[in-house]
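Participant: Questions regarding the structure given below will be posed in turn.
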Amino acid sequence: MTRLGDLERAVMDVLWDSVPATSDGVTVREVADALDGRELAYTTVMTVLDRLAGKGMVQRQREGRAWRYRAAASREAHIAQLMLDALDLGGSRDAALVRFARSVTGTEAEVLRTALGAEAGLTGQQLTDRVDDPRAGRPRRTDEATDR
Numbered sequence: 001m002t003r004l005g006d007l008e009r010a011v012m013d014v015l016w017d018s019v020p021a022t023s024d025g026v027t028v029r030e031v032a033d034a035l036d037g038r039e040l041a042y043t044t045v046m047t048v049l050d051r052l053a054g055k056g057m058v059q060r061q062r063e064g065r066a067w068r069y070r071a072a073a074s075r076e077a078h079i080a081q082l083m084l085d086a087l088d089l090g091g092s093r094d095a096a097l098v099r100f101a102r103s104v105t106g107t108e109a110e111v112l113r114t115a116l117g118a119e120a121g122l123t124g125q126q127l128t129d130r131v132d133d134p135r136a137g138r139p140r141r142t143d144e145a146t147d148r
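Using the UniProt record's numbering, you'd call the opening residue of the sequence shown number 1 and step up by one each time.
Next comes the structure, spelled out in structure tokens:
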């Protein structure tokens, strides 16, 4: 996925923050108005939106002589793709994931545990209670590990 420049990011923030996924989108003028304080020319905003469309970041739909724009994916989907792209930069994905997991806060770790548990069909507590047993090749409960 393409990284965004400062202005592209500002435009995407407008789309992510103000355009519901079910809407028909917004016009260049509406985006330019939402970027108040930046004093950008209408044509600059139009060019940025055109480039974002070319990158697949926004979808556009013709409305008369104008276009209506909306984000092609949610902010969360974009960030997740950036994270996956970073993992593909080389080296060990496993090592990068472990380092990332060790750097998150307790609350963020719980969010990850819950999401991974849901993916595996486990509750957050069940996932927390399980650890890998390298000898058996199966998960075992934490209390089993301390009994040995």
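Each residue gets a CB set at the ideal place from its N, CA and C atoms; glycine is no exception.
At which residue ranges does the stretch 53-106 contain complete beta strand (DSSP E) runs of 3 or more residues, listed in the order of the chain?
Facilitator: Correct list: 58-63, 66-71.
Participant: Near LEU112, which residues of its chain fall below 8 angstroms by C-beta distance, leaving aside the five closest residues on each side in sequence?
Facilitator: Translated into the one-based positions of the sequence shown, residue 112 becomes position 112. Around LEU112: ALA101, VAL104.
Participant: Quick one: Cα of ASP24 to Cα of GLY106, how far?
Facilitator: Against the sequence shown, residue 24 aligns to sequence position 24. Against the sequence shown, residue 106 aligns to sequence position 106. Cα-Cα distance, rounded: 39 angstroms.
Participant: At the level of alpha carbons, what is the spacing between LEU4 and GLU63?
Facilitator: As a working note, residue 4 is residue 4 in the sequence shown. As a working note, residue 63 is residue 63 in the sequence shown. The alpha-carbon atoms of LEU4 and GLU63 are separated by roughly 26 angstroms.
Participant: According to DSSP, is VAL14 helix, strand or coil?
Facilitator: By one-based count along the sequence shown, residue 14 stands at place 14. DSSP places VAL14 in helix when its eight states are reduced to three.
Participant: Span of the alpha helix (DSSP H) holding MET29?
Facilitator: Counting from one through the sequence shown, the residue named residue 29 turns up at place 29. It is worth fixing the name first, because residue 29 is Arg in this sequence and not Met. Note, ARG29: alpha helix (DSSP H), 28-34.
Participant: So is ALA120 buried or exposed if we call it buried at 16+ other beta carbons inside 10 Å?
Facilitator: Start at 1 with the first residue of the sequence shown, and residue 120 comes out as number 120. ALA120 should be labelled exposed.
Participant: Quick one: Cα of ASP29 to Cα of VAL14, how far?
Facilitator: One-based indexing of the sequence shown puts residue 29 at position 29. One-based indexing of the sequence shown puts residue 14 at position 14. In the sequence on display, residue 29 carries Arg and not Asp. Taking the straight line joining both Cα atoms gives about 12 angstroms.
Participant: Got a sec? Which residues, its chain only, sit under 8 angstroms from TRP16 by beta carbon, not counting five neighbours each side?
Facilitator: Counting from 1 along the sequence shown, the entry for residue 16 is found at position 16. So the list reads ALA71, SER74, ARG75, once near-sequence residues are dropped.
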